[in-house]
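2 protein chains.
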Amino acid sequence: MNNRVDRLRPLLFENNIDAIFITQQENRRYLSGFTGSAGSLFISQEKSILATDFRYVEQAKTEAPGFEVVQISNGISKWFPDLIAELAVQRIGFEETAVSYATYIELTSSLRERKENISLIPCKRVVESLRAIKDEEELNYIEKAATIADAALEEILPSVEPGISEQELAWRLETRMRQNGSEVMPFQIIVASGTNAALPHAKPSMKKIIEGEPIVIDFGARVNGYSSDTTRTICLGKGDTTFNRIYDIVLGAQLTAIETAQAGMTGEQIDTLARTVIEQAGHGNNFGHGLGHGVGLAAHEEPRIGPGSKDIIIDGMVFTIEPGIYIAGWGGIRIEDTIALRENSFNILTKTRKTWR
Amino acid sequence: MNNRVDRLRPLLFENNIDAIFITQQENRRYLSGFTGSAGSLFISQEKSILATDFRYVEQAKTEAPGFEVVQISNGISKWFPDLIAELAVQRIGFEETAVSYATYIELTSSLRERKENISLIPCKRVVESLRAIKDEEELNYIEKAATIADAALEEILPSVEPGISEQELAWRLETRMRQNGSEVMPFQIIVASGTNAALPHAKPSMKKIIEGEPIVIDFGARVNGYSSDTTRTICLGKGDTTFNRIYDIVLGAQLTAIETAQAGMTGEQIDTLARTVIEQAGHGNNFGHGLGHGVGLAAHEEPRIGPGSKDIIIDGMVFTIEPGIYIAGWGGIRIEDTIALRENSFNILTKTRKTWR
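Here the protein sequences come in this chain order: A and B.
Be aware that the first sequence starts at 0, since it is given in numbering that gives the first Met the number 0, and climbs by one per residue.
Be aware that the second sequence starts at 0, since it is given in numbering that gives the first Met the number 0, and climbs by one per residue.
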């Protein structure tokens, strides 16, 4: 953790700020180790302060030994100027996408009242850019999560028969992942069958699964806060010709992207590798989302792999590759793996087989 | 749902706005019925628009029949001015605590570029104030959730023996609630035993539970998005004299608050009813959080029942009453029920017994 704060400090110079005020939950956890749901970090070149309330003070001291823990109460406009004063700095960065309009107004007016010569500077993706590069410990947690998820799908699928509801299938999968050591699900499992599978983000319904229809299963396990993310599309019994045709296009697109991606490409370039395959098969309009996203403490984080993404994919990043084709009134197919880029090699962490048909 | 939008429209006049832009997830669901994780509502006196992306358009049409569904893509600064232009209004309210500083800046500059004569007006607690008063359908869901949670605790506790870990106990409780019909947990179950119980928001650990120590169990079920919230503190075998003494103080404080609360009191006044009992017993400093909070689509919502709260507690509100005493190095006791105020009567929805000792 100290190492992470050390990596952050040069970024304060780069952003022309003397200190940074962190409230975003995963950023807070990443830098400090503190897992509570409320608290703020103040990090300058000299100091590392974690401010939290009564409920979390003891936990913060245990989890974040590298930080000076300060107990706060009352509104933020009361304690914020005091903490800032203690840092003895002038330009304080804040996370522009994590701080609400209301909080920003409250902070600026509390500083104005104190007539402090302090500026609040909006900052973008400072900690997120650090989080995008995983260290060995983080990679290890994601690998563990992937292994738990892989095993759970293998274990439950033999017992899945036509007539089971989407919700029941999702619950069996969740139960098995939890029993195998996963923490609370990083995101709600998607089980979308038949025409429901045409909705990329369908929620499991009471609909019963029948033979021959596509069943999209999108799921992840979580270990020490770190997620995995897998999608498989399966079919009970024989799929129709549409299923087989679409499946092969999506699988081809996914494997092409994984096999031809290169370190140093942008997110857009990697997206194009898969998108071209789908477009050439005449389904460009049926693939309406990006190809993938980073995975870590958040189930969706940097880098973004999709149209317009200028994120450079480099060593240490962990992300999904998940092309899909969605056809209203029929269903959809998506195939997704979590990939780690290590020493110029794209390693697939989620190893569940793709031959469930 | 239409009825909810009808209740909202007079509030637009009160806030001196022509339309309101809603992004906060529970507010969006409450007004529209749309359960997706991304989307925005635009509500004027004449129009109800739901803007969402590719992933959710079909779902939005099904779930939110009272809204005109508009598909959006690209950044918010691209589609926001178009939608605003369609409303043909001048003063647009936005949720000041839900819109980030970055989004606010993006929206104002996109409007400025178009040279539209449109103002963005920060609004506070507009939809939240509606959500605080539950209708019969909402109350019904919360009651169902409470019944599921009650039954689950009754069902699992006989099998709980010394040596079980906090995590295992939490998992048994979650499994039972889910099997009994709960959706995904509204918040992570707390099981905090022994000295861990001194942390009001402890997470379940691998610590094994032993006889005689306090075990705080804080849990809720969820039905159609609506939560219940219960805490019981139990003890395997005989509690020590501290346990019994503290338990009786906390229970006395809780029952006093429930029995003497009156419709029309402020959140602060109801808090004081319980706090006075705990202070008089010499433990005022060991009760460091508010007495309670509203429960509904969010596990924590309006009203706030605690020091300084001016929220008036009126008919239709559903909230918790949860005093606690926390003693570092020993543990803690908290007892919590979800209460509905209906026709001047404070009805306890969570009926699990308080005599687990």
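Ideal placement from N, C-alpha and C gives every residue a C-beta, glycine not left out.
Note that the structure is predicted; figures quoted are calculated from it, not measured.
Please report whether the beta-carbon of residue i lies at a distance below 9 Å from any beta-carbon of chain A.
i	result
Glu57/B	yes
Ala220/B	no
Lys123/B	yes
Thr230/B	no
Thr174/B	yes
So which residues of chain A does residue i contact, with C-beta pairs closer than 8 Å?
i	result
Lys207/B	Within 8 Å Cβ-Cβ: nothing; Lys207/B doesn't reach chain A, min ~17 Å.
His288/B	Phe53 and Arg54
Ala420/B	Lying before the first or after the last residue shown, residue 420/B is absent from chain B, which here runs from 0 to 356.
Measuring alpha carbon to alpha carbon, tell me which residue in the options is nearest residue i.
i	options	result
Asn2/A	Asn14/A, Asp52/A and Phe66/A	Phe66/A
Glu154/A	Met176/A, Arg111/A, Ile21/A and Asp217/A	Met176/A
Lys207/A	Pro64/A, Leu235/A and Ile21/A	Leu235/A
Ser118/B	Ile141/B, Asp81/B and Arg90/B	Arg90/B
Gly266/A	Glu212/A, Ile248/A, Lys237/A and Glu301/A	Glu301/A
Ile313/A	His292/A, Ile324/A, Gly323/A and Arg341/A	Arg341/A
Thr275/A	Val317/A, Leu254/A and Asn179/A	Leu254/A
Phe345/B	Glu115/B, Ile269/B and Glu112/B	Ile269/B
Gly289/A	Thr259/A, Gly315/A, Ala260/A and Gly323/A	Gly323/A
Thr34/B	Gly224/B, Ala298/B, Ile216/B and Ile83/B	Gly224/B
Lys237/B	Ile334/B, Lys123/B and Thr354/B	Thr354/B
Tyr29/A	Glu258/A, Ile16/A, Gln70/A and Ala131/A	Ala131/A
Gln261/B	Ile209/B, Ala339/B and Leu296/B	Ala339/B
Ile188/A	Val56/A, Val159/A and Gly219/A	Gly219/A
Tyr55/A	Leu198/B, Ile75/B, Glu112/B and Ala273/B	Leu198/B
Asn116/B	Gly38/B, Ala87/B, Asn26/B and Glu95/B	Ala87/B
Ser43/A	Gly32/A, Ile21/A and Ala37/A	Ile21/A
His200/A	Thr349/B, Gln24/B, Phe53/B and Asn14/B	Phe53/B
Glu357/B	Ala150/B, Lys114/B, Ile257/B and Arg171/B	Any answer about residue 357/B is impossible in this case: the structure gives chain B only from 0 up to 356.
Phe41/A	Ile16/A, His282/A and Pro157/A	Ile16/A
List the DSSP bridge partners of residue i.
i	result
Phe20/B	Phe41/B and Phe93/B
Ile71/B	Asp52/B
Cys234/B	DSSP output for Cys234/B lists no bridge partner at all.
Val222/B	Tyr225/B
Ala339/B	Val317/B and Asn346/B
Thr34/B	Answer by DSSP bridge pairing: none, since Thr34/B is not bridged.
Val215/A	Ala191/A and Thr232/A
Ile311/A	Thr265/A
Leu119/B	Ile91/B
Tyr325/A	Gly331/A
Arg303/A	His292/A
Met99/B	According to the sequence shown, residue 99/B is Ser rather than Met. In DSSP, Ser99/B forms a bridge with Ser99/A.
Lys207/B	Ser164/B
Ser76/B	Looking at the DSSP assignment, Ser76/B forms no beta bridge with any residue, so it has no partner.
Ser47/B	Ile42/B
Show which residues of chain B have a CB atom less than 8 Å away from the CB atom of residue i.
i	result
Ala97/A	Ser99
Since residue i meets chain B, which of its residues come closer than 9 Å, beta carbon to beta carbon?
i	result
Trp170/A	Arg177 and Gln178
Thr337/A	None at all; the shortest Cβ gap to chain B is about 20 Å.
Got a sec: is the Cβ-Cβ distance from residue i to anything in chain B below 9 Å?
i	result
Gln187/A	yes
Val68/A	no
His200/A	yes
Thr241/A	no
Thr319/A	no
At a CB-CB cut-off below 9 Å, which residues of chain A make contact with residue i?
i	result
Pro92/B	First, the residue type needs correcting, since residue 92/B is Gly and not Pro in the sequence shown. Going along chain A, no residue has its Cβ under 9 Å from Gly92/B, so there is no contact; the nearest lies around 12 Å.
Ala327/B	Glu57
Who are the neighbours of residue i on chain B, taking C-beta pairs under 7 Å?
i	result
Val183/A	Gln187
Say whether chain E places a C-beta atom closer than 9 Å to the C-beta of residue i.
i	result
Thr354/A	This model lacks chain E altogether, as its protein chains are A and B.
Under 9 Å, CB to CB, which of the residues in the segment 245-259 of chain B have a partner in chain A? none
Given a limit of 7 Å on CB to CB distance, which residues of the segment 264-279 of chain B reach chain A? none
Going along the segment 8-36 of chain A in order, which residues come within less than 9 Å of chain B, judged by CB to CB distance? Thr34, Gly35 and Ser36
Please name the residues in the segment 102-119 of chain A whose beta-carbon is closer than 7 Å to at least one beta-carbon of chain B, in chain order. Tyr103
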